[in-house]
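Participant:
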Amino acid sequence: MVGSAQPLRQLADQRGIRIGAAAAPTYFSESQYGATLAREFNQLEPENAMKFGPIHPGPTSYNFDPADTLVNFAKPNNMSVRGHTLVWHNQLPSWLTGGGFTPAQLSSQLQDHIRTVMGRYAGQVYAWDVVNEAFNDNGTLRSTLWSDSPGIGLTATAYIEQAFRWAHDADPKALLFYNDYGAELTNAKSDAIYAMVQDFKSRGVPFDGVGLQMHLTTNTGSLASMEANLRRLTGLGVQVQITELDVRIPVDSSGNATAADLATQAQIYHDIVALCLKFSRCTAVQTWGFTDEHSWIPGTYPGLGAALEFDTNYQPKAAYTSMTSAFQSAPPVLASATLANAASYASQAVAPGEVVVLFGATYGPAALAVSQPDESGHLPTEFSGTRLWFDNTPAPIVYTRVGQTAAVVPFEVANQTATQVSYEHQSVRSDSVTIPVAPTLPGIFTLDASGRGAGAILDPSYRVVSQTNPAHRGDFISLFATGGGVTNPPSFDGLVLVQPPFAAIDSVHVAIGGIDCPVQYAGGASGLVAGVFQVNVQVPATALSGPQPILLTVGPASSAPGVTVWVQ
Ligand code: G3I
Numbered sequence: 000m001v002g003s004a005q006p007l008r009q010l011a012d013q014r015g016i017r018i019g020a021a022a023a024p025t026y027f028s029e030s031q032y033g034a035t036l037a038r039e040f041n042q043l044e045p046e047n048a049m050k051f052g053p054i055h056p057g058p059t060s061y062n063f064d065p066a067d068t069l070v071n072f073a074k075p076n077n078m079s080v081r082g083h084t085l086v087w088h089n090q091l092p093s094w095l096t097g098g099g100f101t102p103a104q105l106s107s108q109l110q111d112h113i114r115t116v117m118g119r120y121a122g123q124v125y126a127w128d129v130v131n132e133a134f135n136d137n138g139t140l141r142s143t144l145w146s147d148s149p150g151i152g153l154t155a156t157a158y159i160e161q162a163f164r165w166a167h168d169a170d171p172k173a174l175l176f177y178n179d180y181g182a183e184l185t186n187a188k189s190d191a192i193y194a195m196v197q198d199f200k201s202r203g204v205p206f207d208g209v210g211l212q213m214h215l216t217t218n219t220g221s222l223a224s225m226e227a228n229l230r231r232l233t234g235l236g237v238q239v240q241i242t243e244l245d246v247r248i249p250v251d252s253s254g255n256a257t258a259a260d261l262a263t264q265a266q267i268y269h270d271i272v273a274l275c276l277k278f279s280r281c282t283a284v285q286t287w288g289f290t291d292e293h294s295w296i297p298g299t300y301p302g303l304g305a306a307l308e309f310d311t312n313y314q315p316k317a318a319y320t321s322m323t324s325a326f327q328s329a330p331p332v333l334a335s336a337t338l339a340n341a342a343s344y345a346s347q348a349v350a351p352g353e354v355v356v357l358f359g360a361t362y363g364p365a366a367l368a369v370s371q372p373d374e375s376g377h378l379p380t381e382f383s384g385t386r387l388w389f390d391n392t393p394a395p396i397v398y399t400r401v402g403q404t405a406a407v408v409p410f411e412v413a414n415q416t417a418t419q420v421s422y423e424h425q426s427v428r429s430d431s432v433t434i435p436v437a438p439t440l441p442g443i444f445t446l447d448a449s450g451r452g453a454g455a456i457l458d459p460s461y462r463v464v465s466q467t468n469p470a471h472r473g474d475f476i477s478l479f480a481t482g483g484g485v486t487n488p489p490s491f492d493g494l495v496l497v498q499p500p501f502a503a504i505d506s507v508h509v510a511i512g513g514i515d516c517p518v519q520y521a522g523g524a525s526g527l528v529a530g531v532f533q534v535n536v537q538v539p540a541t542a543l544s545g546p547q548p549i550l551l552t553v554g555p556a557s558s559a560p561g562v563t564v565w566v567q
């Protein structure tokens with residue numbers, strides 16, 4: 000079996016999102032099953048193995064074996080595991096439903112269950128569907144064992160909130176999701192979920208995201224309505240994950256669908272992936288199963304089936320191909336991206352020649368790629384398929400990976416008040432955002448790259464100044480910074496400076512512990528790209544001992560406080 004040139008998981012890695020499948024450990028013994036999962040998906044979720052009944056079959060007995068098998072399959076295959084589900088009205092064991100327990104007893108049983116199951120998989124399951132399907136289609140709360148029949152003693156959504164609090168206590172690092180079906184469009188159910196999430200977020204209830212199941216037919220309803228729903232949910236600052244995608248279509252008695260229905264289905268798969276890729280907070284697309292060989296649909300909806308992206312022989316269907324093309328053609332999103340000074344992380348504007356980091360772009364190389372100068376000594380303006388545009392000028396790229404790209408603002412933006420920034424990967428370009436331009440925005444590089452604490456400063460012997468190697472009064476030390484603006488003579492975009500004369504920066508002042516220091520040199524730094532600059536200053540004779548604040552002023556702007564130099 001051959002998938003696309005790039006398996007789904009590789010395409011999803013370039014988007015910084017997860018592509019998952021629900022799976023049943025009983026099928027891992029089928030060679031095609033495990034091989035396809037490992038090749039195509041970077042996320043795995045047990046279709047049934049972590050549900051209350053299967054995992055907790057007796058009052059004091061747990062059956063962890065199937066769930067362990069799944070987790071142990073995921074680990075060597077570098078797959079993240081989503082847990083499903085802790086609080087649900089289905090697949091409850093009869094000892095629980097028929098036990099005649101009081102709300103107080105149910106409450107402690109549920110807390111215990113959450114603590115036991117989440118505790119076992121802490122560090123191995125990164126996200127949980129804490130509560131599943133708690134609302135009716137009309138937006139009212141479903142009547143269940145946990146809510147009111149008899150319930151755990153809490154009214155309305157307070158029982159859901161309680162479950163999230165217990166889940167947070169059980170594994171503080173796990174992402175906690177509410178998951179439901181039929182809440183894809185804006186409708187009464189998704190309104191109710193939205194209101195609950197808004198309430199939870201406003202009161203600080205531990206809550207990370209909403210799972211939209213997406214058990215779809217070819218009559219999905221309006222994509223615009225789905226988009227509006229994702230926009231409002233992600234607007235609350237929570238993640239959205241597509242958790243149970245499948246698209247059921249009519250099949251004949253041999254399980255075969257028509258070409259037309261398969262094509263319609265493929266378009267829907269495309270549209271759902273593309274929809275998720277519009278939102279940086281839509282962090283996973285997962286299908287409910289992955290092969291038509293094993294799917295819940297035919298058993299539940301006689302006459303319907305063929306709902307997944309692989310056929311019964313594990314061959315990719317049109318649905319699969321259309322998902323790959325959505326991954327390859329949906330534009331990167333910059334909406335919640337920030338462009339920050341690579342030294343200080345200040346992000347209010349950009350300056351010519353400033354080394355900046357773009358955080359949050361949703362398409363790029365899965366693994367970090369660091370550029371090298373070409374034969375002419377310049378850093379490339381297209382690297383690993385990535386470009387960062389300032390108006391119509393591509394910036395020299397320092398490094399790139401999905402979600403984080405460092406580049407040098409082209410000197411061409413000097414004298415402009417603003418620049419249009421857009422990002423491109425594999426020739427697919429984002430829309431642009433307008434960023435103000437300032438003449439200078441100095442930031443001093445720091446040793447731990449945090450933007451604070453000890454500066455990246457060398458002593459006269461080119462050794463790093465630190466607590467154990469402090470600078471001495473009267474020494475000339477060299478600090479490294481960016482955001483110094485244009486140089487005199489002008490610098491060239493992306494040129495890695497090899498020999499003097501360096502382009503120098505005018506009007507530079509440095510203060511150590513509030514005392515002005517003589518500046519010996521300010522300009523380009525040997526071996527570093529134009530835009531990183533070096534300032535050689537003399538430590539004042541009157542400087543105090545210890546970590547002294549160091550401030551760099553270039554033209555109209557100064558570096559942020561919080562950077563220090565050790566003096567003795
Ligand atoms: O494990 C037993 C097996 O021992 C027994 O011999 C067999 C006889 O019927 O049943 C097996 O359990 C079945 C289980 O699937 C595993 O195959 C249950 O009867 C059956 O009810 C169960 O169905 C699951 C269903 O949830 C339960 O409501 C489906 O596989 C599963 O796909 C489905 O998943 C749900 C999500 O959790 C929540 N969202 C909707 C989705 C589809 O209904």
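Sequential numbering of the sequence shown, starting at 0, is according to numbering that gives the first Met the number 0.
A virtual CB, placed ideally from N, CA and C, is assigned to each residue, including glycine.
These numbers were taken from a predicted model, which means no experiment stands behind them.
1) Look at F163 and V116 and say whether their C-beta atoms are less than 8 angstroms apart.
2) Run through the DSSP bridge pairs and tell me what I456 is partnered with.
3) Consult DSSP for I267 and reduce its assignment to one of helix, strand or coil.
4) Helix, strand or coil for Q5, going by three-state DSSP, please let me know.
5) Verify whether the separation of the beta carbon atoms of F134 and K50 is less than 8 angstroms.
6) Do you know offhand how far K277's Cα is from Q161's?
7) Got a sec, what are the start and stop residues for the beta strand (DSSP E) N178 sits in?
8) Confirm the yes/no value for this check: CB of Y180, any heavy atom of ligand 1, distance under 7 angstroms.
9) Run through DSSP, which three-state label would Q547 get?
10) Nearest-angstrom Cα distance between A173 and Y125?
11) Using 8 angstroms for Cβ pairs, my map puts V272 next to L232. What's the rounded Cβ distance?
12) Whose C-beta lies closer than 8 angstroms to the C-beta of P551 among residues of the same chain, with five residues either side of it excluded?
13) Rounding to the nearest angstrom, what Cα-Cα distance links G483 and S426 in this structure?
14) Compare the C-alpha of S462 against each of I476, R451, G450 and name the closest.
15) Is the beta carbon of N178 sitting closer than 8 angstroms to the one on T282?
16) Leaving out the 5 sequence neighbours to the left and right, which residues in its chain are closer than 6 angstroms to Q537 when beta-carbon positions are compared?
17) Please state whether DSSP places H167 in a helix, a strand or coil.
18) The beta strand (DSSP E) with F587 in it runs from where to where?
19) Any C-beta of chain D sitting closer than 8 angstroms to the C-beta of Q547?
20) Does the Cβ of E374 lie closer than 7 angstroms to at least one heavy atom of ligand 1?
21) Quick one: what does DSSP say N71 is sitting in, helix, strand or coil?
22) Mind checking whether the beta-carbon of E292 lies closer than 7 angstroms to any heavy atom of ligand 1?
23) Does DSSP put I248 in a helix, in a strand, or in coil?
24) Beta strand (DSSP E) containing E132: first to last residue?
25) Are there any heavy atoms of ligand 1 lying less than 7 angstroms away from the beta-carbon of W295, as far as the coordinates show?
26) CB-CB under 7 angstroms to A66, same chain, minus the five flanking residues each way: which ones, in chain order?
27) Express the C-alpha separation of E308 and T399 in angstroms, rounding to a whole number.
28) Less than 7 angstroms between the CB of E423 and some heavy atom of ligand 1, yes or no?
29) Whole angstroms is fine: what's the gap from P560's alpha carbon to V401's?
30) Determine the DSSP secondary structure at E411, reduced to helix, strand or coil.
31) Output the distance between the C-alpha atoms of L357 and A368, rounded to the nearest integer angstrom.
32) Would the C-beta of N255 count as close to ligand 1, meaning under 7 angstroms from any of its heavy atoms?
33) Less than 8 angstroms between the beta carbons of T286 and L244, yes or no?
Facilitator: Short version:
1) In this structure, V116 does not lie closer than 8 angstroms to F163 by Cβ.
2) L478
3) helix
4) coil
5) no
6) Approximately 32 angstroms between the Cα atoms of the pair.
7) Residues 174-179.
8) yes
9) It is a strand residue.
10) 5 angstroms
11) Here V272 is actually not in contact with L232; their C-beta atoms are around 18 angstroms apart, not less than 8 angstroms.
12) Rather than Pro, the amino acid found at residue 551 in this sequence is Leu. Only P441, I443, L478, A480, V507, H508, V509, V534, S557, S558 meet the Cβ criterion.
13) 31 angstroms
14) The residue asked about is misnamed: residue 462 is Arg in this sequence, not Ser. Nearest of I476, R451, G450 to R462, Cα basis: I476.
15) no
16) F475, C516, P517
17) helix
18) A question about residue 587 goes unanswered here, because the residues of the chain that appear run from 0 up to 567.
19) Of the chains in the structure shown, none is chain D; there is only one protein chain.
20) no
21) helix
22) A distance criterion of 7 angstroms places the beta-carbon of E292 beyond contact range of ligand 1, judged by its closest non-hydrogen atom.
23) strand
24) Looking at the DSSP string, E132 is not in any beta strand (DSSP E), and its letter there is neither H nor E.
25) yes
26) Contacts found: P45, A48, M49, I54.
27) Roughly 31 angstroms between the two C-alpha positions.
28) no
29) Using only the alpha carbons, I get a separation of about 30 angstroms.
30) The answer is helix: DSSP assigns E411 an H, G or I state.
31) The alpha-carbon atoms of L357 and A368 are separated by roughly 15 angstroms.
32) no
33) yes
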